[in-house]
Amino acid sequence: MASWETQAVTTQIDVNAAANAAMEGRGATRAAAASGGGLGGVVQDIGQAVGATYSVVGINAAKVPEMREQIRTSVTNIQNHLDSIEAAAESNEAYKSANGEIRDAVVQYVESVKTYCKALVSNLLAFSDKLAEVEQAWQSSTSAMAGSVSSSTSGLSDNSTFYTETM
Amino acid sequence: MSLGIGDLDIGVSAGGMSAYGDLLHTEVFESTKQLLDTEVEAIEAKLAEGWQGESFDRYKEKLEAQVETMKGELDAENADLQNRLTELESYYFNQDKNLIMD
Numbered sequence: 454m455a456s457w458e459t460q461a462v463t464t465q466i467d468v469n470a471a472a473n474a475a476m477e478g479r480g481a482t483r484a485a486a487a488s489g490g491g492l493g494g495v496v497q498d499i500g501q502a503v504g505a506t507y508s509v510v511g512i513n514a515a516k517v518p519e520m521r522e523q524i525r526t527s528v529t530n531i532q533n534h535l536d537s538i539e540a541a542a543e544s545n546e547a548y549k550s551a552n553g554e555i556r557d558a559v560v561q562y563v564e565s566v567k568t569y570c571k572a573l574v575s576n577l578l579a580f581s582d583k584l585a586e587v588e589q590a591w592q593s594s595t596s597a598m599a600g601s602v603s604s605s606t607s608g609l610s611d612n613s614t615f616y617t618e619t620m
Numbered sequence: 002m003s004l005g006i007g008d009l010d011i012g013v014s015a016g017g018m019s020a021y022g023d024l025l026h027t028e029v030f031e032s033t034k035q036l037l038d039t040e041v042e043a044i045e046a047k048l049a050e051g052w053q054g055e056s057f058d059r060y061k062e063k064l065e066a067q068v069e070t071m072k073g074e075l076d077a078e079n080a081d082l083q084n085r086l087t088e089l090e091s092y093y094f095n096q097d098k099n100l101i102m103d
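Below, the structure written as structure tokens:
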């Protein structure tokens with residue numbers, strides 16, 4: 454008479470395998486980011502960006518044209534001031550010459566000094582160009598940062614396969 | 002009775018030259034330096050309306066350093082102009098001194 458004893462039937466599905474694979478893959482991308490392979494590895498601690506002297510940093514790009522215009526206005530104000538100076542004022546109380554030729558020569562000299570001063574001050578306009586460069590640099594750097602974030606998102610997505618039942 | 006520069010067609014007044022030099026010093030150079038400071042304050046105020054951070058601080062430092070350099074250059078230019086005026090004045094006095102030698 455046959456024994457009623459039968460061998461147990463075991464299930465084969467490893468319920469941890471899919472989760473372990475996903476977590477191992479994700480762990481690898483986190484490790485890469487933490488070592489500088491992700492957003493640059495600049496973060497020292499959670500919420501603590503390198504060199505954060507300010508709690509808010511950045512620029513309002515919409516105001517850059519106003520900023521540049523202020524620099525132009527300031528340069529023009531100074532140049533107008535120099536233009537308004539009468540080089541010959543009171544010179545008649547200082548010196549006289551036949552036909553006023555010395556006065557004319559001195560006035561011409563003073564005018565050339567004023568022109569030099571105006572040219573000197575115009576160099577402040579380089580700071581206007583610098584502002585435009587700053588705006589471009591911000592835009593360029595944020596585009597690069599966005600690219601890094603997108604790249605990290607792709608790595609994360611690769612390990613985000615949803616488990617679906619097969620039986 | 003001594004003559005003033007108003008009584009002459011050719012000549013120089015030491016007092017008038019001094020006043021003329023002071024006028025140019027004040028009007029061309031000192032007032033421009035003061036205006037530079039005023040305008041830079043206006044620029045920085047406008048910048049502060051839309052820019053914050055260490056890069057802004059460095060930009061301001063460079064701007065202020067540039068303005069100080071310009072003010073130094075204006076001082077140098079003033080000194081040069083005052084020297085030219087002194088030379089002109091000396092020329093007149095030297096001419097007067099050596100006009101009749103015998």
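Chains as they are written, first to last, in this note's numbering: chain A, 454 to 620; chain B, 2 to 103. Don't be surprised by glycine CBs; every beta carbon is placed ideally from N, CA and C. Note that the coordinates shown come from a computational prediction; the quantities given were computed from them, not determined experimentally.
{"query": "Going by beta-carbon coordinates alone, are A/ALA486 and A/SER594 separated by less than 8 Å?", "result": "no"}
{"query": "Can you say whether B/GLN35 is buried or exposed, counting buried as having 16 or more other CB atoms within 10 angstroms of its CB?", "result": "exposed"}
{"query": "Taking a Cβ distance cut-off of 9 Å, strictly less, list which residues of the stretch 510-533 of chain A are near chain B, in chain order.", "result": "VAL510, GLY511, ILE512, ASN513, ALA514, ALA515, LYS516, VAL517, GLU519, MET520, GLU522, GLN523, ILE524, THR526, SER527, VAL528, ASN530, ILE531"}
{"query": "From this set, B/TYR60, B/ARG85, B/GLU78, which residue's C-alpha is nearest A/TYR569's C-alpha?", "result": "B/GLU78"}
{"query": "Could you pull the start and end residues of the alpha helix (DSSP H) that B/ALA15 belongs to?", "result": "15-25"}
{"query": "Mind checking B/GLY7: buried by the 16 CB within 10 Å criterion, or exposed?", "result": "exposed"}
{"query": "What does A/THR506 reach in chain B if we use C-beta pairs closer than 7 Å?", "result": "GLU55"}
{"query": "Please work out which residues of its chain come closer than 7 Å, Cβ to Cβ, to A/ALA541, disregarding the five sequence neighbours upstream and downstream, and give them in chain order.", "result": "ARG556, VAL560"}
{"query": "Determine the direct distance from the alpha carbon of A/SER607 to that of A/THR464, and round the result to whole angstroms.", "result": "35 Å"}
{"query": "Just tell me which of B/MET2, B/GLU28, B/VAL13, B/LEU9 has its CA closest to the CA of A/VAL563.", "result": "B/GLU28"}
{"query": "Under the rule that 16 or more other beta-carbon atoms within 10 Å means buried, what is B/PHE30, buried or exposed?", "result": "buried"}
{"query": "With H, G and I counted as helix, E and B as strand and the rest as coil, what does DSSP make of A/TYR507?", "result": "coil"}
{"query": "Hey, does A/TRP578 have any beta-carbon neighbour from chain B nearer than 8 Å?", "result": "In the sequence as presented, Trp is not what sits at residue 578 of chain A; that position holds Leu. Answer no: the Cβ-Cβ gap between A/LEU578 and chain B never drops below 8 Å."}
{"query": "Applying a beta-carbon distance threshold of less than 9 Å, which residues of chain B neighbour A/LEU609?", "result": "The premise fails here: A/LEU609 is roughly 30 Å from chain B at the closest Cβ pair, so nothing lies under 9 Å."}
{"query": "I need the DSSP call for A/ILE466, collapsed to helix, strand or coil.", "result": "coil"}
{"query": "Please say whether A/LEU578 and A/ARG525 have beta carbons closer to each other than 8 Å?", "result": "yes"}
{"query": "Applying the 10 Å Cβ sphere with the 16-neighbour rule, what's the burial state of A/LYS567?", "result": "buried"}
{"query": "Does the Cβ of A/VAL528 lie closer than 7 Å to at least one heavy atom of the ligand HEM?", "result": "Among the components modelled here there is no ligand, and therefore nothing to report on the ligand HEM."}
{"query": "Name the chain A residues whose beta carbon is nearer than 8 Å to that of B/SER14?", "result": "GLU546, ALA547, TYR548"}
{"query": "Is the Cβ-Cβ distance between B/LEU86 and B/GLY22 less than 8 Å?", "result": "yes"}
{"query": "Among A/LYS516, A/ILE538, A/GLN523, which residue has its Cα nearest to the Cα of B/GLY51?", "result": "A/LYS516"}
{"query": "Any contact between the stretch 545-553 of chain A and the stretch 586-600 of chain A? By contact I mean 3 or more CB pairs, one from each, below 8 Å.", "result": "no"}
{"query": "Measure the alpha-carbon distance for A/VAL510 versus B/LYS61 and round it to whole angstroms.", "result": "15 Å"}
{"query": "Roughly how many whole angstroms lie between the Cα atoms of A/SER613 and A/GLY480?", "result": "12 Å"}
{"query": "Tell me whether B/GLY12 sits in a helix, a strand or coil according to DSSP, three-state version.", "result": "strand"}
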